[in-house]
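Undergrad:
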Amino acid sequence: MLFKRAKKKQEKQVVDERLQHIAFIMDGNGRWAQKRGMPREFGHSHGAATFKKVGRYCESIGLKYMTVYAFSTENWKRPQKEVDTIMRILDEYIEECFIEMVDDNVHFRFIGNLDIFPAELRAKMDKIDRETAHKPFLLNIAVNYGGREEIVHACRELIREGVQDVTEDDISAHTYTACCPDPDLVVRTGGDLRISNFLLWQSAYTEYYFTDVLWPDFSGEDVDAAVAAFYARKRRYGGV
Ligand code: FPP
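For the sequence shown, position 105 (counting from the first letter as 1) is numbered 122 according to the working numbering, and the numbering increases by one without interruption.
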C-alpha cells in the first residue's frame, strides 16, 4: 500500500540576541481585497487578523520587540471610508487589548504623533501602555506615524529642553521608539521596494527584507523565511 509522504514541515526559526526587533510594513491589504472583487476595507480587516497572528508568532519564536506600521501621517489622504475603517479596526483592537492583556505577554505601545486622536482614545492607549509595561514582549503600533515628523518632534523636544550641543544619542532618546533598540530587520510585504517614511532614524543599519506576499496572506512560515534571510547576512555596520 502506498502512503503519501507527509510534506516536511519547515523548521520554526527561533531567534537569538542577534535578532531582537523586527518591524513590519504591512502592505498589500487593498490589492488583496481587490483581487477578490472586494472593497479595500475588506483587506484591512483581514490585515488586522494577520497582524494578531504574526504578533503571536513573533513572540513565540523569542523575539523581544516588534513594531508595525498601522497608519502613516500620509494615510489621511485616503478616501474617508477607508480611513474610517482603519480607525474603527484600531478602536476595536484597543478594546480587545483591554480584555486580552491580562493573559498576554505583550507590552502594547502606540507610537506616532498621537495628539491628533481624541483625548478619550489617547487615554485608552496610555492606560494599556502603563498597565502592560511589565510584560516581556514589546509591541509598538505606529499610528499617525511619519519618520520625518518623528525627527522634527525629537528636535523640538530638545529645543524645548534647552539642549545646546545635540548628539545622535539625544535624538535617539527623543524618538517614539526610545524605549527599545533599533530594529534589526524591517520586513515589507506587498512587493514594493521603498521605506515609505518608516523608522528613518532608527533604520540606519537595519537589514531589509522585501516580499511579494500581500500582508493578509503573510504567515509564520513567511516570518521564518525573513528570519532565515536575516541570519544569512553579515552585518558590518560600516566596517569590514
Ligand atoms: C497598507 O496596505 C496598509 C495600511 C495602510 C493599513 C494597515 C492596517 C492594518 C493591517 C490594520 C492594522 C490594525 C491594527 C489594530 C494595528 P495598502 O492599503 O496600502 O495596500 P495596497 O498597497 O494593496 O493598496
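Every residue, glycine too, gets a C-beta built ideally from N, C-alpha and C.
Below 6 angstroms CB to CB, which residues in the same chain sit around V230 once its five sequence neighbours on both sides are set aside?
TA: Same-chain partners within the cutoff: T206, D239.
Undergrad: Does the contact criterion of 3 or more C-beta pairs under 8 angstroms hold for the stretch 102-110 versus the stretch 50-65?
TA: Contact between the stretch 102-110 and the stretch 50-65 is present, because at least three Cβ pairs lie under 8 angstroms.
Undergrad: Quick check: is the beta carbon of F125 nearer than 9 angstroms to any beta carbon in chain B?
TA: Going by chain labels, chain B is absent from the structure shown, which holds only one protein chain.
Undergrad: Hey, could you find the ends of the alpha helix (DSSP H) F154 is sitting in?
TA: Not the alpha helix (DSSP H): F154 falls in the beta strand (DSSP E), residues 154-162.
Undergrad: Would you kindly work out how many angstroms separate the C-alpha atoms of E234 and H124, rounded to a whole number?
TA: According to the sequence shown, residue 234 is Asp rather than Glu. Rounded to the nearest angstrom, the two C-alpha atoms are 25 angstroms apart.
Undergrad: Leaving out five residues before and five after G45 in sequence, what residues of the same chain have Cβ atoms less than 6 angstroms from its Cβ?
TA: Excluding sequence neighbours, G45 sits near T206, G207, L231, W232.
Undergrad: Got a sec, what are the start and stop residues for the alpha helix (DSSP H) I188 sits in?
TA: Start and end: 185-190.
Undergrad: What first and last residue would you give for the alpha helix (DSSP H) that runs through M104?
TA: That run of the alpha helix (DSSP H) goes 97-117.
Undergrad: Which stretch, first to last residue, makes up the beta strand (DSSP E) that contains H38?
TA: Here the beta strand (DSSP E) through H38 covers 38-42.
Undergrad: Give the single residue among H38, V32, V31 whose Cα lies nearest to the Cα of C196.
TA: Looking at the Cα atoms, H38 is the closest of the given residues.
Undergrad: Give a yes or no on whether the C-beta atoms belonging to L216 and G255 are separated by under 9 angstroms.
TA: Taking 9 angstroms as the Cβ cut-off, L216 and G255 do not qualify as a contacting pair.
Undergrad: Based on the DSSP secondary-structure assignment, which residues constitute the bridge partners of R165?
TA: Answer by DSSP bridge pairing: none, since R165 is not bridged.
Undergrad: Just the C-alpha distance for I128 and M55, rounded to the nearest angstrom, thanks.
TA: Cα to Cα, the separation comes out at about 30 angstroms.
Undergrad: In the DSSP output, what is Y226 paired with across the bridge?
TA: Answer is V204.
Undergrad: So T192 packs on E167, CB below 8 angstroms; how close in whole Å?
TA: About 6 angstroms separates the two Cβ atoms, so the contact holds.
Undergrad: Report the rounded CA-to-CA distance for I145 versus V71, giving the unit in angstroms.
TA: Approximately 20 angstroms, taken between the alpha carbons.
Undergrad: Classify G317 as buried or exposed, calling it buried when 16 or more other Cβ atoms lie within 10 Å of its own Cβ.
TA: The structure shown does not extend to residue 317, since the chain is modelled only from 18 through 257, so no value can be given for it.
Undergrad: Closer than 8 angstroms is the cut-off here; do at least three beta carbon pairs connect the stretch 130-144 with the stretch 79-89?
TA: Too few Cβ pairs lie closer than 8 angstroms, so no.
Undergrad: What is the DSSP secondary structure of A87, counted as helix, strand or coil?
TA: A87: strand per DSSP, three-state reduction.
Undergrad: Assuming contact is defined by CB atoms lying nearer than 9 angstroms, are D186 and T223 in contact in what I supplied?
TA: Result no, Cβ atoms of D186 and T223 do not sit closer than 9 angstroms.
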